[in-house]
Structures are given as C-alpha cells and as structure tokens.
Amino acid sequence: MHLIDFVRDAFALLFPELCASCKQALVHQEKQICTECIYHLPKTDFHLDPDNLAARQLMGRVPIFSASSFLYYSYGSSVQEIVHHLKYKQGYATAQVMGELYGSELKESATFCDYDLIIPVPLHKRRLRSRGYNQSAYFAQGLSNSLKIPSHLGNLIRKTYNESQVQSGSRYERYENTRNIFDVTSPQLLEGKHILLVDDVLTTGATLEACSAALLHIPNVKVSVATIAFTK
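Under the working numbering, the letters of the sequence shown match residues 2 to 233, in that order.
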C-alpha cells in the first residue's frame with residue numbers, strides 16, 4: 002500500500018464521513034448519502050406523470066412547461082435531515098449528489114429531459130456571502146453532470162435581499178416577499194431556450210413563480226421546474 006493510501010484510509014477510520022440522512026459512517030465508494038438511505042428515499046416519481054402535484058401547484062399561476070420534484074418532504078423525515086444538511090452544514094456536495102441521482106431518473110423521461118439550459122434559483126449576494134455557497138447551484142451542477150445539459154449561473158439574479166421564507170405563513174405573504182426581486186441580465190442569451198429552473202424545496206412555489214415570471218419575459222423562452230423536495 003502506498004503511503005498516501007495508508008494516510009487516507011487511516012484518516013477515514015479516525016474521522017469517517019457521515020451520511021447526511023442517518024449520520025452513520027459511509028463506506029467505500031458511498032458519497033454523502035449511504036446506500037441504505039438512498040434505497041429508502043421517498044421518491045415522488047413526478048417525472049413519470051406530467052399532471053403531478055408539483056405541476057398542478059405551479060401551472061395555474063405561471064405558464065411553465067413542466068414541473069417535477071425528486072422526493073417528498075415531511076417534518077422529522079430523512080428528507081428533512083438531508084435538506085437541513087445541504088442548506089446549513091456545508092452540504093454543497095450533498096446537493097450535487099442529489100442532482101446526479103435525480104438526473105439519472107429524469108433522463109429516462111422524454112418529458113423531463115428536453116432542456117437547453119439549467120439555471121438555479123439565485124441567492125442574494127449578502128446571503129451568499131453568509132452561507133458561502135448556493136445549494137441550488139450545486140443541485141443544478143449534479144443535474145448537469147447526469148443529463149449532459151449545461152448549467153449556467155449569472156443570467157438570473159436576485160436584486161433584493163429578503164429574510165428567509167421558512168417562517169412566512171401564507172402563500173400570499175411569500176409571494177409578496179418575492180415579487181419583483183429577480184431580474185435577468187443579458188436576456189438575449191436566453192432567447193428561444195427551454196430552461197430548467199431548479200431549487201431545493203417546493204413549498205408554496207412563490208420563489209419559483211417569481212423567477213419564472215422574470216424568465217418568461219424573454220422572447221420564445223420555455224420554463225420547466227425541478228426541485229429536490231416537495232412538501233405536501
């Protein structure tokens with residue numbers, strides 16, 4: 002065994018990487034989430050049904066082409082653990098793994114893989130400095146890795162800083178908090194594109210609605226939506 006391999010294995014033994022869901026030590030070749038937890042993820046299979054719950058929640062409010070979510074989110078669940086990890090515990094690698102897992106499923110569906118570009122919901126630069134990364138951007142990169150579709154950051158920007166949406170009570174309050182806070186730079190670069198807009202969790206859909214509205218001002222643009230999780 003080479004010295005570098007010995008040091009790496011010794012470090013892994015003393016300081017093992019833990020599963021973002023169950024917190025058990027990962028074994029060889031497992032990345033961020035253990036095989037057991039991946040097997041038991043509560044998948045929605047929305048990508049197999051164009052008339053799914055995520056699509057119904059958004060399509061009456063903004064003219065998107067399609068919508069899907071990877072997992073069902075519920076309080077106290079493994080998905081809540083994963084989402085908390087990728088948002089607040091330097092979980093950018095976990096977000097990317099979730100994108101790769103979901104992308105491998107989306108590419109089996111003709112309805113949910115016909116995109117020109119993947120764009121993540123942006124963070125305001127103040128929140129980005131505070132957190133250090135945008136988990137949705139890493140989710141987008143994971144999707145890009147699996148779907149072989151470019152992911153692009155920068156055209157869609159958040160103009161206004163607002164507080165976290167977690168504590169906002171109603172759909173209307175969330176919509177008011179996000180209305181007109183997104184803008185598109187160099188819109189000519191997106192003309193005629195089918196854009197997959199991605200975020201971590203779909204709750205009321207206010208943020209995704211506001212982002213979609215900004216993108217749909219561009220001529221001949223189609224917008225579809227994908228998220229890691231969907232709250233019932």
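Cβ atoms here follow ideal geometry from the backbone N, Cα and C, with glycine treated the same way. In this text the structure is predicted, and so the values were computed from the model without any measurement.
**Request:** Alpha carbon to alpha carbon, how far is Ser22 from Asp50? Give it in angstroms, no decimals.
**Result:** 27 angstroms
**Classification of Leu59 by the beta-carbon crowding that lies within 10 angstroms, buried from 16 upward** = buried
**Three-state secondary structure (DSSP) of Leu87** = helix
**Request:** Under 7 angstroms Cβ to Cβ from Cys114, same chain only, skipping five residues before and after it: list those, please.
**Result:** Leu107, Lys108, Leu148
**Asked** Which two residues bound the contiguous alpha helix (DSSP H) that contains Val98?
**Response** 93–107
**Prompt:** Is His156 buried or exposed, if buried means 16 or more other CB atoms sit within 10 Å of its CB?
**Reply:** One detail in the question is off: residue 156 reads as Asn in this sequence, not His. Buried.
**Asked** Hey, quick one: how far does the beta strand (DSSP E) through Lys223 stretch, first residue to last?
**Response** 223–232
**Request:** Starting from Leu197, follow the beta strand (DSSP E) in both directions and report where the run begins and ends.
**Result:** 195–203
**Message:** Quick check on this structure: which residue in Ile182, Leu190, Phe140, Pro220 has the alpha carbon closest to the alpha carbon of Val226?
**Reply:** Scanning Ile182, Leu190, Phe140, Pro220 for the CA closest to the CA of Val226 turns up Phe140.
**Item:** Nearest to Pro121 (by Cα), restricted to the options Ala111, Gln136, Arg130
**Value:** Gln136
**Request:** Use the C-beta contact count for Gly206: other C-beta atoms within 10 angstroms, 16 or more gives buried, fewer gives exposed.
**Result:** buried
**Message:** Measuring straight from C-alpha to C-alpha, what distance separates Tyr162 and His125?
**Reply:** 6 angstroms
**Prompt:** To the nearest angstrom, how far is it from the Cα of Gln189 to the Cα of Tyr103?
**Reply:** 30 angstroms
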